[in-house]
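Counting from 1, position 38 in the sequence shown corresponds to residue 154 in this note's numbering; the numbering is continuous, with no gaps.
No residue lacks a Cβ here, since even glycine has one placed at the ideal position from N, Cα and C.
Quantities reported herein were computed from a predicted structural model and do not represent experimental measurements.
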Amino acid sequence: MSADKLAAITQSGSFMKFCHHCGGSVLQRIPDGDEKLRYCCDSCDVIFYQNPKNIVGTLPIYENKVLLCKRAIEPRYGKWTLPAGFMENGETTLAGAVRETSEEAGARVIVRENSLYTLFNLPYINQVYLFFRAELEDLDFDPGIESLEVALFKESEIPWDEIAFPVVRSTLEYYFRDLTRKQYPVRMFDIHYDEQHRINTHLISSSH
Ligand SMILES: [Zn+2]
């Protein structure tokens with residue numbers, strides 16, 4: 117993604133050209149009594165508020181192995197990720213994570229108590245990621261249409277150079293560290309781009 121496009125998305129959430137209600141042109145301006153730029157339709161007086169999206173997924177475990185999916189879609193085609201995707205309206209974060217695991221990996225999981233594991237704030241792309249720990253019910257998994265391949269990896273087998281996203285890398289790194297102690301605190305991170313467009317992950321909160 118170009119720096120210009122990134123800056124535009126950072127400011128606006130996502131691009132919008134036409135009003136979803138009347139089809140008229142929208143303009144970005146700060147509405148009366150507001151402090152942020154919003155897309156406004158001056159034909160029908162609607163203001164479009166854009167807010168962050170939640171992406172929910174699981175860390176599916178079988179014995180001492182983690183299930184990863186090889187992406188069949190952009191971005192990061194061919195890279196490995198944990199099963200995760202956009203939350204749907206009308207569902208909870210955990211239900212969405214289990215659904216995505218079924219869709220992307222064809223896997224059924226058992227979710228125990230205290231399953232919430234990592235939360236990442238990505239303000240530069242207006243996203244929040246949540247991962248839940250889960251156990252594979254069986255080894256009967258199959259890639260869905262968004263995956264080229266689904267496989268189990270021991271820590272020594274993880275393709276660290278082929279991991280799709282920093283949130284996945286961090287979740288895996290913490291998991292294998294926590295596995296040695298058998299303690300899995302809930303952690304929240306903020307991710308930022310620095311001036312060199314490098315990604316920095318900061319641990320903000322940990323449950324113990
Ligand atoms: Zn309109």
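Close beta carbons around residue i, own chain, < 8 Å, minus the five adjacent residues each side
i: residue 244; result: 168, 169, 170, 171, 235, 236, 237 and 238
i: residue 193; result: 187
i: residue 315; result: 282, 307, 308 and 309
Burial state of residue i (16 or more Cβ within 10 Å)
i: residue 281; result: buried
i: residue 123; result: Residue placement at residue 123 cannot be trusted, given a pLDDT of 41 that sits under 50; what the coordinates show is reported in the next sentence. It counts as exposed.
i: residue 174; result: buried
i: residue 318; result: exposed
i: residue 307; result: buried
i: residue 263; result: buried
i: residue 273; result: exposed
i: residue 228; result: exposed
i: residue 121; result: Confidence in residue 121 is poor, its pLDDT being 43 and thus under 50, which makes the residue's placement too unreliable to answer from.
i: residue 247; result: buried
i: residue 290; result: buried
Sub-8 Å separation of residue i and residue j beta-carbons
i: residue 321; j: residue 304; result: yes
i: residue 267; j: residue 198; result: no
i: residue 223; j: residue 257; result: yes
i: residue 261; j: residue 188; result: yes
i: residue 209; j: residue 176; result: no
i: residue 186; j: residue 279; result: no
i: residue 142; j: residue 152; result: no
i: residue 288; j: residue 182; result: yes
i: residue 309; j: residue 240; result: yes
i: residue 265; j: residue 292; result: no
i: residue 255; j: residue 178; result: yes
Proximal residues to residue i (C-beta, below 7 Å), its chain only, five neighbours per side dropped
i: residue 138; result: 157, 159 and 160
i: residue 294; result: 300
i: residue 225; result: 174, 176, 214, 217, 250, 251, 252 and 253
Nonlocal neighbours in the same chain, by C-beta distance under 6 Å from residue i, ignoring five residues either side
i: residue 302; result: 232 and 323
i: residue 284; result: 197 and 198
i: residue 275; result: 196
i: residue 220; result: 185, 199, 260, 262 and 263
i: residue 140; result: 157 and 159
i: residue 127; result: At residue 127 the pLDDT is 42, less than 50, meaning the model places this residue with poor confidence and gives no usable figure here.
i: residue 135; result: 142 and 157
What residue ranges within the segment 209-269 form continuous beta strand (DSSP E) runs of no fewer than 3 residues, ordered along the chain?
Counting only runs of at least 3 residues, the segment 209-269 fully encloses the following beta strand (DSSP E) elements, listed from N- to C-terminal order: 232-238, 243-252 and 263-269.
Where in the segment 140-165 do unbroken runs of the beta strand (DSSP E), each at least 3 residues long, occur, reported from the N-terminal end onward?
Correct list: 142-145, 154-157 and 162-164.
Every unbroken beta strand (DSSP E) inside the segment 285-321 [3 residues or more]:
Counting only runs that start and end inside the segment 285-321, the beta strand (DSSP E) elements of at least 3 residues fall at 303-309.
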